[in-house]
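What follows is a short report on a single structure.
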Amino acid sequence: MSDWFSEPANWVFLVLALVIAVSAVRVVTSTNVVHSALFLVLALGATAGLFLLLSAEFVAWVLVLVYIGAVIVLFLFGIMITRAPTGPNVEMDHRPRAPAAMAAFLMFIVTAGSGLTAFGDQEITRLGDGTSTELIGEQLLQRFVIPFEVVSFVLLAALIGGITLARRDASPAEEEATEEEVQA
Amino acid sequence: MPLLRRRKPRKKRCRHDSKELEARGLELRIPEGGELVLLNQFLILGALLFSLGVYGLLVRRNAVMVLLSIELMLNAVNVNLVAFESFLRNAGAGGQIFAIFVITVAAAEVGIGLAIILLIFRNRTSANVDELDLMKW
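Protein sequence lines correspond, in order, to chains A and B. Counted the way this note's numbering counts, the first sequence spans residues 90 to 273. Counted the way this note's numbering counts, the second sequence spans residues 5 to 141.
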């Protein structure tokens, strides 16, 4: 264990993991919706730092750009447009909470326990020797080109679906009015 | 950084060697990182994030908060993918590429999810999931 603490990367990991854990707890326990979204920003930023520690620079910056740049803005937009309750005395959670906590705890025991039994004390030996962005680009357009195209199609479908769903349809009377205007 | 490139897993013996060398006034240049960073610490962090996401998913009333919890769970998956990519020496770039796919799908999912929540809010003037009991018998 003293060897573990003698590794500088582990101290960086400890700090980042602490930030991630605390802000993730705040995301699911905060009574203010906006605070939850902002704590998610903190958790994702620390995760990007963790990716940098694992020398996955490209994924780290994609995480910052896509999540913190776009997704969180979308969340704040959604929170404000649905007028989510932000007062201090609003009931944010279902009652009772104990079954949910129990399910989450069992989930943690099973997943962490299976990791512990499967990988024991195996070490990550490639920490400073990450995958280059060049290799990611090559692999993305060679070995993973079909999933890449599928994902781009999913994005297109989501774009069209989002517009179609969120567009405010005109009422029948308005539609008739516009048709008459077109005919006239 | 080619200085840090290392193909063979380093044995713990190297630690003792460096201590012995230091005792003799010599210095062994160890590339930073790579030694004693366990795979499991990342897996446990991922498990913790995922379980917190499960808790939030089950306990939150507001649909936007449920989506936030789903984002936590997807983020846990990304941590695992990138950690395994670092752990396996012959992974190509698979782990990171799949992490990018997960991020992309998460962005699409948030867009569609928020559009649906917006529609529900327009129809029911509430975005609480426990009030959507129209199909409950």
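Every residue gets a Cβ at the ideal spot worked out from N, C-alpha and C, and that includes glycine.
By the rule that beta-carbons nearer than 7 Å mark a contact, residue 204 (chain A) touches chain B. The residue among A:121, A:229, A:185 with its C-alpha nearest the C-alpha of residue 105 (chain B) is A:229.
Under the DSSP assignment, residue 66 (chain B) falls outside any alpha helix (DSSP H); it carries neither an H nor an E label. At a cut-off of 7 Å between beta carbons, residue 163 (chain A) contacts chain B.
Annotation for residue 126 (chain B): the continuous alpha helix (DSSP H) segment containing it runs 98-128. Between the alpha carbons of residue 214 (chain A) and residue 208 (chain A) lies a distance of about 14 Å.
In this structure, DSSP gives residue 94 (chain B) a state outside helix and strand, which the three-state scheme calls coil. Identification of chain A residues near residue 128 (chain B) by a Cβ-Cβ cut-off of 9 Å yields none; the smallest Cβ-Cβ distance measures about 11 Å.
Contact with chain A is absent for residue 88 (chain B), since none of that chain's Cβ atoms lies less than 7 Å from the residue's Cβ. In this structure the stretch 64-84 of chain B touches the stretch 163-170 of chain A; the number of beta carbon pairs closer than 8 Å is three or more. Taking a cut-off of 8 Å on C-beta distances, the stretch 91-109 of chain A touches the stretch 131-141 of chain A, as three or more cross pairs fall below it. For a cut-off of 8 Å, the C-beta gap from residue 125 (chain A) to residue 114 (chain A) is around 11 Å, too long to register as a contact.
Secondary structure of residue 92 (chain A) (DSSP, three-state): helix. Residue 156 (chain A) and residue 272 (chain A) have their C-alpha atoms some 47 Å from each other. For residue 226 (chain A), the enclosing alpha helix (DSSP H) begins and ends at 222-230. Interface annotation, residue 116 (chain B): in contact with chain A, CB-CB separation under 7 Å. Just measuring C-alpha positions, the residue of B:130, B:86, B:75 sitting nearest residue 114 (chain B) is B:75. Residues of chain A whose Cβ lies closer than 7 Å to the Cβ of residue 72 (chain B) are, in chain order, 116, 125, 126, 129, 164. Approximately 6 Å separates the beta-carbon atoms of residue 118 (chain B) and residue 163 (chain A); this is inside 8 Å, confirming the contact.
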